[in-house]
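A.B. asks: Can you read through this structure? Questions will come right after.
Protein chains: 2
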Amino acid sequence: MAIDDDIAFANRLADAAGEVIRPYFRRKIDIVDKGRGEAMFDPVTEADKRAEEAIRALIKRERPDDGILGEEYGEHEGSSGRVWVIDPVDGTRAFITGQTQWGTLIALNEGGSPVLGVLDQPVLRERFIATAAGAFLHSAEGKIRLGTRACASVAEAVLMSTHPWNYFDESEQLAFRALSQTCLLTRFGGDCYAYGLLAMGFVDLVVEARLKPWDIQALIPIVEASGGVVTDWRGQPCFEGGRVIAAGDKRAHAAALKFLAG
Amino acid sequence: MAIDDDIAFANRLADAAGEVIRPYFRRKIDIVDKGRGEAMFDPVTEADKRAEEAIRALIKRERPDDGILGEEYGEHEGSSGRVWVIDPVDGTRAFITGQTQWGTLIALNEGGSPVLGVLDQPVLRERFIATAAGAFLHSAEGKIRLGTRACASVAEAVLMSTHPWNYFDESEQLAFRALSQTCLLTRFGGDCYAYGLLAMGFVDLVVEARLKPWDIQALIPIVEASGGVVTDWRGQPCFEGGRVIAAGDKRAHAAALKFLAG
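Right, here's the structure in full:
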């Protein structure tokens, strides 16, 4: 099946990125501030750039008709109607502080929506990979099928986000905080790994804003094939990023939207 | 040397706790809310209780004259002037959400101050252990000597805390946020592992409040023997917990205190 070829190729892309990234982790490395002059420190490292180069080189050689959209090197137009949407190190702040909530994100987008998603954590050697046929976690402990847990209401929900104020404007902060105060528990510092925890059934809601397409497209198949739902804060598709809410249970999603839809 | 015996025994305590805890991680387990009726959800699990029982049983058998102070089962008076101060799972919220920032904390307190500290992460199989002779990280990659990094000012500092508002009252939140806005970068969700990242030289400041003695005593030798400093928000000893600031560099510590000493 074509999708099996795509899965095998996505695994090779993630392998290649992981090989590049691992030696940089927890080393003293150069960090460049992409946001210099802007409000927020926006770090990028050699690991980000070299990993995206490795991924792009493989795609250009083996899938020359496919397009590429990557965080560090932008858009490469293809002719196949298929685009690989990639973030080599999503969560660079986690990466440079020695934490492991970062990951390599790889989506295959066909006709505008992601049909395959990979979240790879090369240091923990955990790989989340999903298509419409299912979502799986591959790790040292083997392969397990992912599934979200039931969560009927916001009051029962564990909520995650990366940061309480960096990525939210003032009205978003207020909406988020109202939701948080109704939830059972809120954890910050999640980065892309928060979506993995949701797919595993340990987190019920992930709420973020200011995402780019490469921050979210790989995560959508993982959450959806685990039984969850990912939309913007109005319940619409969020392939382009922006304000995003992921939920493991449609009931918690509907209830949380009431806090966010404003 | 007596301290070598103590280190060997502390390693056995951590081994015993890890054996108990590992099977509970990322399983569907019962969670009891210790804070029922209070403002904040305060979870405790069988992992917390069984691990502390294992540690206490070993101490009572092999060090019958030593005292014990543990999060789950309180104080056991000894006659030796030495007290084992333990938190079997520090970071239960991380634990129940499938994250790895939790750890087993074991301090040996002699004459009122901790002389030996262990932070053990049994799932990642990382163990931080320190005495006045030095701080070390044992992991699959071997044994490395820990050392904090230079950080001359708050503007260069990476700041960590567990949560932006759960553990801070209103004035503490304001002080923390003013400090955070001056720092290069703030990461939340650290739990005890944040102090390990500081000892490794990837984080410069950890600021927390409402700590108990067992939340901090094990971490003090780890930070100090790595070249850092741990005090309360007025620069005084913090063996009893409360408001705590850890810094990798005395200059960043002094500068950060100005935001917190209020």
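Protein sequence lines correspond, in order, to chains Y and X.
Here the first sequence is numbered in my numbering, starting from 57 and rising by one per residue.
Here the second sequence is numbered in my numbering, starting from 57 and rising by one per residue.
The beta carbon of each residue, even a glycine, is placed where N, CA and C say it ideally should be.
Values in this document were obtained by computation on a predicted structure and should not be read as measured data.
(1) Please return the same chain residues whose Cβ sits closer than 6 Å to the Cβ of Y:H194, not counting the five positions on each side in sequence.
(2) As a quick exercise: from Y:L254, Y:E296, Y:L253 and Y:T187, pick the residue whose alpha carbon is nearest that of Y:A64.
(3) Figure out for me which residue from Y:Y249, Y:G298 and Y:V171 has the closest Cα to the Cα of Y:V179.
(4) List the residues of chain X that Y:F315 touches, going by C-beta distances under 9 Å, in chain order.
(5) Can you give me the Cβ contacts of X:F81 inside the same chain, cut-off strictly under 6 Å, excluding the 5 residues immediately before and after it?
(6) Check whether the Cβ atoms of X:G245 and X:K268 lie closer than 9 Å to each other.
(7) Could you check what DSSP says for Y:A341 in three-state terms: helix, strand or coil?
(8) To be precise: take each residue of the segment 92-121 of chain X, compare its Cβ to all Cβ atoms of chain Y, and keep it if any distance is under 7 Å. Which residues remain?
(9) DSSP beta-bridge partners for X:A165?
(10) Does the beta carbon of Y:Q157 sit closer than 9 Å to a beta carbon anywhere in chain X?
(11) Where does X:D197 land, buried or exposed, given buried means 16+ other C-beta within 10 angstroms?
(12) Under 9 Å between the Cβ atoms of Y:I115 and Y:L161?
(13) Contact defined as beta carbons within less than 8 Å: I believe X:E228 pairs with X:A265. What is the distance between those atoms, to the nearest angstrom?
(14) Helix, strand or coil, according to DSSP, for Y:T204 in the structure here?
(15) Note down, in chain order, all residues in the segment 143-155 of chain X with a beta-carbon under 8 Å from any beta-carbon belonging to chain Y.
(16) Going along chain Y, which residues have a C-beta under 9 Å from X:F258?
(17) By the three-class DSSP mapping on this structure, what secondary structure does X:T242 have?
(18) Compare the beta carbon distance of X:G154 and Y:F258 with 9 Å and say whether it is the shorter of the two.
(19) Would you kindly report the start and end of the unbroken alpha helix (DSSP H) that includes X:E108?
(20) Indicate whether at least one CB of chain X lies closer than 9 Å to the CB of Y:T204.
(21) Specify the secondary structure class of Y:V210 as computed by DSSP and reduced to three states.
(22) Taking the beta carbon of Y:S136 as the centre, do at least 16 other beta carbons fall within 10 Å, making it buried, or is it exposed?
(23) Are any of the Cβ atoms in chain Y nearer than 9 Å to that of X:P79?
(24) My guess is that Y:R205 and Y:N165 are in contact by the Cβ rule of under 8 Å, so how many angstroms apart are they, rounded?
(25) Helix or strand or just coil, what does DSSP make of Y:V259?
(26) With a cut-off of 9 Å, does the C-beta of X:W221 fall near any C-beta of chain Y?
(27) Count the other C-beta atoms from every protein chain shown that fall within 10 angstroms of the C-beta of Y:G126, then say buried if there are 16 or more, exposed otherwise.
(28) Using a Cβ cut-off of 9 Å (strictly closer), state whether Y:T242 contacts chain X.
(29) Would you report the Cα separation of X:S209 and X:F315, rounded to the nearest angstrom?
(30) Helix, strand or coil for X:P178 per DSSP?
(31) Beta-carbon separation of Y:A191 and Y:P277 under 9 Å?
(32) Have a look at the DSSP bridge pairing and note the partners of Y:E296.
(33) Using the C-alpha atoms, what's the distance from X:D288 back to X:I124?
(34) Taking the continuous beta strand (DSSP E) assigned at Y:T287, which residues delimit it?
(35) Would you say X:G284 and X:D271 are within 9 Å of each other, going by their C-beta atoms?
(36) From Y:A113 to Y:G167, what distance separates their C-alpha atoms?
C.D. replies: With the structure as the only source:
(1) So the list reads R183, once near-sequence residues are dropped.
(2) The shortest C-alpha separation from Y:A64 is found at Y:T187.
(3) The option with the nearest alpha carbon to Y:V179 is Y:Y249.
(4) Residues of chain X with a Cβ closer than 9 Å to the Cβ of Y:F315 do not exist, since the nearest Cβ in that chain sits about 17 Å away.
(5) Result list for X:F81: V179, in chain order.
(6) No; because the gap between Cβ atoms is not below 9 Å, this pair is not in contact.
(7) Lying outside 57 to 318, the shown extent of chain Y, residue 341 of chain Y is not represented and no answer is given.
(8) Among the residues of the segment 92-121 of chain X, those with a Cβ less than 7 Å away from any Cβ of chain Y are F97, in the order of the chain.
(9) Note that residue 165 of chain X is Asn in the sequence shown here, rather than Ala. X:V139 and X:P170, per the DSSP bridge assignment.
(10) Yes, its Cβ sits closer than 9 Å to a Cβ of chain X.
(11) For the record, residue 197 of chain X in the displayed sequence is Glu; it is not Asp. X:E197 is exposed by the Cβ-count criterion.
(12) Going by C-beta atoms, Y:I115 is not nearer than 9 Å to Y:L161.
(13) About 5 Å separates the two Cβ atoms, so the contact holds.
(14) In this structure, Y:T204 counts as coil in the three-state DSSP scheme.
(15) Taking 8 Å as the Cβ-Cβ cut-off against chain Y, the residues of the segment 143-155 of chain X that qualify are R149, A150, I152, T153, G154 and Q155.
(16) Those are R82, I152, T153, G154 and Q155, listed as they occur along chain Y.
(17) Residue state for X:T242 is assigned as strand, using DSSP reduced to three classes.
(18) Yes; because the gap between Cβ atoms is below 9 Å, this pair is in contact.
(19) Here the alpha helix (DSSP H) through X:E108 covers E102 to E118.
(20) Chain X contact via Cβ: absent.
(21) Correct three-state label for Y:V210: helix.
(22) So Y:S136 counts as exposed.
(23) Not closer than 9 Å to any Cβ of chain Y, the Cβ of X:P79 fails to qualify, so no.
(24) Actually they do not touch by this definition, with Cβ atoms about 28 Å apart.
(25) Three-state DSSP puts Y:V259 in coil, outside helix and strand.
(26) X:W221 belongs to the set of residues whose beta carbon lies under 9 Å from a beta carbon in chain Y.
(27) It counts as buried.
(28) Yes, because at least one Cβ of chain X sits closer than 9 Å to the Cβ of Y:T242.
(29) About 13 Å.
(30) Coil, per DSSP.
(31) In this structure, Y:P277 lies closer than 9 Å to Y:A191 by Cβ.
(32) Y:E296 is not bridged by DSSP to any residue.
(33) So the alpha carbons of these two residues sit roughly 24 Å apart.
(34) First-last of the beta strand (DSSP E) with Y:T287: V285 to T287.
(35) No.
(36) The alpha-carbon separation between Y:A113 and Y:G167 amounts to approximately 23 Å.
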